[in-house]
Each structure stands twice: as structure tokens, then as C-alpha cells.
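Student: Have a look at this one.
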Amino acid sequence: MSYFSHQDGVLHAENVSLSAIAEQFGTPTYVYSKAALLENFSAYHDACQGRDALVCYAMKANSNLAVLDLLARQGAGFDIVSGGELLRVIAAGGDPGKTIFSGVGKTVEEMQLALEKGILCFNVESIPELHRLNEVAGKLGMRAPVSLRVNPNVDAKTHPYIATGLKANKFGVAFDDALDTYRTAASLPHLDVVGIDCHIGSQLLDDAPLLEALDKLIELIDTLHAEGTHLHHLDIGGGIGVDYGVAGDKPPVPVGDYLGRLFKRIDAWRAEKHGGQPIKVIFEPGRSIVANAGVLLTKTEFLKPGAEKNFCIVDAAMNDLMRPTLYQAWMGVQPVTPRDGEKLVWDIVGPVCESGDWLARERELALEPGDLLAIMTAGAYGMTMASNYNTRGRAAEVIVDGDATHLVRRRETPAEVFALETMMK
Ligand code: LLP
1 MSYFSHQDGV
11 LHAENVSLSA
21 IAEQFGTPTY
31 VYSKAALLEN
41 FSAYHDACQG
51 RDALVCYAMK
61 ANSNLAVLDL
71 LARQGAGFDI
81 VSGGELLRVI
91 AAGGDPGKTI
101 FSGVGKTVEE
111 MQLALEKGIL
121 CFNVESIPEL
131 HRLNEVAGKL
141 GMRAPVSLRV
151 NPNVDAKTHP
161 YIATGLKANK
171 FGVAFDDALD
181 TYRTAASLPH
191 LDVVGIDCHI
201 GSQLLDDAPL
211 LEALDKLIEL
221 IDTLHAEGTH
231 LHHLDIGGGI
241 GVDYGVAGDK
251 PPVPVGDYLG
261 RLFKRIDAWR
271 AEKHGGQPIK
281 VIFEPGRSIV
291 ANAGVLLTKT
301 EFLKPGAEKN
311 FCIVDAAMND
321 LMRPTLYQAW
331 MGVQPVTPRD
341 GEKLVWDIVG
351 PVCESGDWLA
361 RERELALEPG
371 DLLAIMTAGA
381 YGMTMASNYN
391 TRGRAAEVIV
401 DGDATHLVRR
411 RETPAEVFAL
421 ETMMK
């Protein structure tokens, strides 16, 4: 269900009106629904009940400490891509022992930190990375748990910037090189080969490419098994998409249906080839946990109708929400208090000095200056991709829980934006 709905003509997050939030905290502000977040996580958690499975939330989608804390309390693990994200997990009370470390460019310092904190596994993406990790672990007198991110060369059928499982992408070890890479990993004294993983892309509406990738991983696991390398876990990555309301898009596959099909295949394979012996299954969902749990609340500053285009200039901008300009992403726009009156077709744009600074294009709305708008489904890859371009302090973040409102990140001031800078001596 949606936790953002109009009640008495005003858009609410759970039981709190967005106009009240704008009044209390100002705009632009990201507003999240706790219930939506927990419901999204439960879809994974429930489908994994009774199984050896771990949901490692890909925190790059939304890494606010309060979000991490809520998910950690539900038993979530985390998928991280930097030492900074590991420090966030720890600051939020998450368990490093349930944390996996993805990414193509892990530094020596990040590897050291992750080993010292005792993470569950490194998802390694290349042979040089294997050697570096072996050396770092050796110096610490430790063995590093390793999974290889295999690039299964499957077309995820999504935007090219967020497709990751094709040969042309920088990610993972090519499928054809995977066996040799596993052999290298197994020969290194300070590595423990424990798993296999892949992540083929993001915003997938269909699970067919994911099941195709699964089949390829299964094939490799069997070959490795025959060579005497036994893997403890299989990590299928994230990628399940959400409904952004794009006209003509089919709704994304429900998480429970996808996990059901995936477990069915895994069970059949284990029964046939491995005497029914289970294997731990790991997921790395990001968007499907947080996207529809958040909106970006913004205020109309000026209306600028023109001969070719009508511009609605709001106080949020591309620095707050990169997705539209970066991926030509379509995000829904809802007036907080819809008004009667003549509707015009508006481009919703920000104050940043770039023609690419737009949040939505060609939306038919009745608007007046001062009106509040909600950019919908903005909980994922919104705040985490925000920047300070034009010396704009980043937005505030608020979580609504029923009738209660919690400020979980205050608005950044312009002075804070340049606080780390100094003039030359
Ligand atoms: N695991 C790995 C290794 C990843 O690279 C990603 C996302 C995920 C898991 C989570 O994927 P999800 O479940 O969220 O699809 N900024 C883009 C999306 C970039 C995704 C990057 N990797 C956007 O706003 O659409």
C-alpha cells in the first residue's frame, strides 16, 4: 500500500500532512515513511523465513543512520561500497558480521578497516584486487573471506547507466574467466573462498534476467564443486525495480513472487545435484526497500509561463535529486494541496544555473506560487546522490511514524558547505 495519500485534500505521509512538515522543517526536505520502509523490508524477510538467507540492504540507495538503524533492528545485513559506508553501519548499530563489501576499487585502507571490523565477505571484482586483499590480510595475520563477483553477461534490459551485468560494463569478473580467477583465489594463502555473487543492474521490472543470471552462477558452483571448491553462499545482488508511475511501464515483479521462483530453482538444483544440502542465499536490494518510502518536498518559488515552455521554479534542484537529469528519469509530481483552476503544462525546474536542472517535464498542473509539490518515489538514490553544487546546503530529512515526525538530518547551512576550505597561506 502507499503510505503517501491525500487526506482531506492534503497529501500526507502516514498521518502527518506534508504542509505541516514544510512549515516545521522548511523545504526542500526528504520525507520518509517508516511503515513503508518496514513493509518493503518485510517482503524480503518474510519470503526468506525458515531459510538460510540474508538480506543485505544496499545502503547506497539511502544511507541515513535512522534508516539503517530501523533496518538493522529488523535483522538486515548491509551491502557497502566504501569504508565510509562501513563506518555508517557501525554508527547505526548494524552488524559488520552481516556486512558484505562490493565495489571495483577498494583501497588498502578500506580493506584493512573491513578486516579489522570483521565483515562477512568481500565481493571481489578482479585479480589485482584478490592480490591486494591477500597482501593486506597477510599483514594483519588474517584470512579474508572472499566471494567473486561474476559478470554473467546477461542483458538486464534497463537504462545503460544502471546495467552492470554485460561484458561492456566495468563490473565483475567475466564469466569465461571466472573459473581461473577462482583457482587464483584458492591458491592465495590469506584468502578464504566462501561465495559467489553477481549484480546485473538496477530498476529491473522483470525477474527473468535475474533467474538467467542465477542459472549461470549455478553452473559455475557445480564446476567448482567438482574441482573441490565448495561455496557456502550464493549472492544474487539487488536490482528489483519499483513503480515510478511511468506511463506504459508494467508494474515491477512483486518481491515475494521473485524470491519464490528463485528459491524454487535453488531447491530443485540442490535436491538434484547436492543431496538436498542447502546453500546460504544473500540478496542486496536497495531501491525496492526505500524508493517508494520517500518523497522530496519542495516549494514553488516562481511561475514563469513562456511562449514555448512554462517553467515552474521550485526550491529543490538537480543537486538535491540527480535522477531526472542524470538518467532522464521520470518521477511523479503531486501537489500537496491540489487546487481547482486552469491546468497548464509545466516543466518543474530548480534554481541551479544549468539547463539540465530539471526535476520533471511537461506535467499538467494547476499551480500558484508558494504551492508545495512532492516529487514521488524519491527515497532511493535521492539524498545519497545529492551534492553542494551552487553552494546549496543539502536538504533536511524527516521520518514519519504514524502521527510522529522525526528530523533525522537537519538542513545543511551554506557556511557548513565551505567550512572545510581555507585560503592559501
Ligand atoms: N548491489 C550492487 C553491487 C550494486 O551496485 C547495486 C546498485 C545494488 C546492489 C542495489 O541495486 P538496487 O536493488 O537498488 O537496484 N543511481 C541509480 C542506481 C544505481 C545502482 C547502483 N548499484 C538510480 O538512481 O537509478
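Position one of the sequence shown corresponds to residue 1 (my numbering), numbered consecutively onward.
Glycine is no exception: its CB is placed at the ideal position from the N, C-alpha and C atoms.
1) Taking C-beta to C-beta, are L130 and L71 nearer than 8 Å?
2) Could you name the residues that DSSP lists as bridge partners for R409?
3) What residues match up with W18 in a beta bridge as DSSP calls it?
4) Rounded to whole angstroms, how far is the Cβ of T378 from the Cβ of V336, which I believe are closer than 8 Å?
5) Could you check where the alpha helix (DSSP H) with G426 kicks off and where it finishes?
6) Could you check how far apart the C-beta atoms of P28 and D320 are, in whole angstroms? I think they sit under 8 Å.
7) Assuming K34 is part of the alpha helix (DSSP H), what are its boundary residues?
8) Near K34, which residues of its chain fall below 6 Å by C-beta distance, leaving aside the five closest residues on each side in sequence?
9) Using alpha carbons as the reference points, say which of L407, V408 and P351 lies closest to N388.
10) Which residue's Cα is closest to the Cα of V81: E23, E368, T99 and G26?
11) Under 6 Å Cβ to Cβ from L220, same chain only, skipping five residues before and after it: list those, please.
12) What are the boundary residues of the alpha helix (DSSP H) that D267 is part of?
13) Helix or strand or just coil, what does DSSP make of G306?
14) Is G138 near P209, with beta carbons less than 8 Å apart?
15) Under 7 Å Cβ to Cβ from P252, same chain only, skipping five residues before and after it: list those, please.
16) Under 7 Å: does the beta carbon of D207 sit that close to some heavy atom of the ligand LLP?
17) Is the beta carbon of A396 sitting closer than 8 Å to the one on G26?
18) For Y57 versus P285, is the C-beta distance shorter than 8 Å?
19) Here's a check: name, in chain order, each residue in its chain whose Cβ is nearer than 8 Å to the Cβ of G238, leaving out the five neighbours to either side.
20) Can you tell me which of S126, E125, T405 and R394 puts its alpha carbon nearest to the alpha carbon of R413?
21) Is H199 near the ligand LLP, with its Cβ less than 7 Å from a heavy atom?
22) If you draw a straight line from the C-alpha of N153 to the C-alpha of A174, how long is it?
23) Could you spell out where the beta strand (DSSP E) holding V194 opens and where it closes?
24) Could you tell me if the beta carbon of K60 falls within a distance shorter than 7 Å of some heavy atom in the ligand LLP?
25) Do you know whose CA, among L407, V124 and D207, lies nearest K157's CA?
26) Would you call the CB atoms of H45 and Q24 closer than 8 Å?
27) Any chance the CB of M318 is under 7 Å from a heavy atom of the ligand LLP?
28) Report the option in E342, R339 and L372 whose CA atom is closest to the CA atom of I348.
29) CA-CA distance, L87 and S19?
30) Which of helix, strand or coil does DSSP assign to A178?
31) Find the nearest neighbour of M383 within the set V295, D403 and K304, judged by alpha-carbon distance.
32) Look up I119 in the DSSP assignment and say whether it is helix, strand or coil.
33) Within 10 angstroms of the Cβ of L181, are there 16 or more other Cβ atoms? Answer buried if so, exposed if not.
34) So, using beta-carbon positions, are L297 and I21 closer together than 8 Å?
35) For L231, count neighbouring C-beta atoms within 10 Å of its own C-beta (all shown protein chains included) and say buried if the count is 16 or more, exposed if not.
36) Bridge partners of P145, per DSSP?
Tutor: Quick answer:
1) The Cβ atoms of L130 and L71 lie no closer than 8 Å to each other.
2) In the DSSP output, where bridge partners are listed per residue, R409 has E397.
3) Note on residue identity: the sequence assigns Leu, not Trp, to residue 18. Per DSSP, none; premise fails for L18.
4) Checking the sequence shown, residue 378 turns out to be Ala, not Thr. That pair is no contact at about 14 Å.
5) The structure shown has nothing for residue 426, since the chain only spans 1 to 425.
6) Contact holds; Cβ gap of about 5 Å.
7) Following the DSSP letters along the chain, one finds K34 inside the alpha helix (DSSP H) bounded by residues K34 to A47.
8) Here the set comprises I399 and D401.
9) Out of L407, V408 and P351, the CA that lies nearest to the CA of N388 is found in P351.
10) Minimum Cα distance to V81 is reached at T99.
11) Taken in chain order, the residues that qualify are A178.
12) D267 -> alpha helix (DSSP H) spans V255 to K273.
13) In the structure shown, G306 adopts coil according to DSSP, grouped into three states.
14) With respect to P209, G138 sits apart: the two C-beta atoms are not nearer than 8 Å.
15) The beta carbon of P252 lies closer than 7 Å to those of L205, I240, G241, V242 and D243 in the same chain, with the five residues before and after it left out.
16) Taking non-hydrogen atoms of the ligand LLP into account, the C-beta of D207 is found less than 7 Å away from none of them.
17) A Cβ-Cβ contact shorter than 8 Å links A396 with G26.
18) Between Y57 and P285, the C-beta gap is smaller than 8 Å, which places the two residues in contact.
19) The beta carbon of G238 lies closer than 8 Å to those of A58, D79, H199, S202, F283, E284, P285, G286, R287 and S288 in the same chain, with the five residues before and after it left out.
20) In the sequence as displayed, the identity of residue 413 is Thr instead of Arg. For T413, the closest alpha carbon among the candidates S126, E125, T405 and R394 is that of R394.
21) Short note on H199: C-beta closer than 7 Å to some heavy atom of the ligand LLP.
22) So the alpha carbons of these two residues sit roughly 8 Å apart.
23) Per DSSP, V194 belongs to the beta strand (DSSP E) from L191 to D197.
24) Look at K60: its beta carbon is less than 7 Å from one of the heavy atoms in the ligand LLP.
25) For the options L407, V124 and D207, the alpha carbon positioned closest to that of K157 is the one of D207.
26) For H45 and Q24, no; Cβs fall outside 8 Å.
27) Not under cutoff, so the answer is no.
28) Cα-wise, what sits closest to I348 is L372.
29) The alpha-carbon atoms of L87 and S19 are separated by roughly 35 Å.
30) A178 carries a helical assignment under DSSP once its states are collapsed to helix, strand and coil.
31) When each option's Cα is compared against that of M383, the closest is V295.
32) DSSP places I119 in coil when its eight states are reduced to three.
33) A quick correction: the sequence has Thr, not Leu, at residue 181. Buried, by the Cβ-count rule.
34) Yes; because the gap between Cβ atoms is below 8 Å, this pair is in contact.
35) A residue is called buried when at least 16 other Cβ atoms come within 10 angstroms of its Cβ; L231 meets this threshold and is buried.
36) Its beta-bridge partners are D192.
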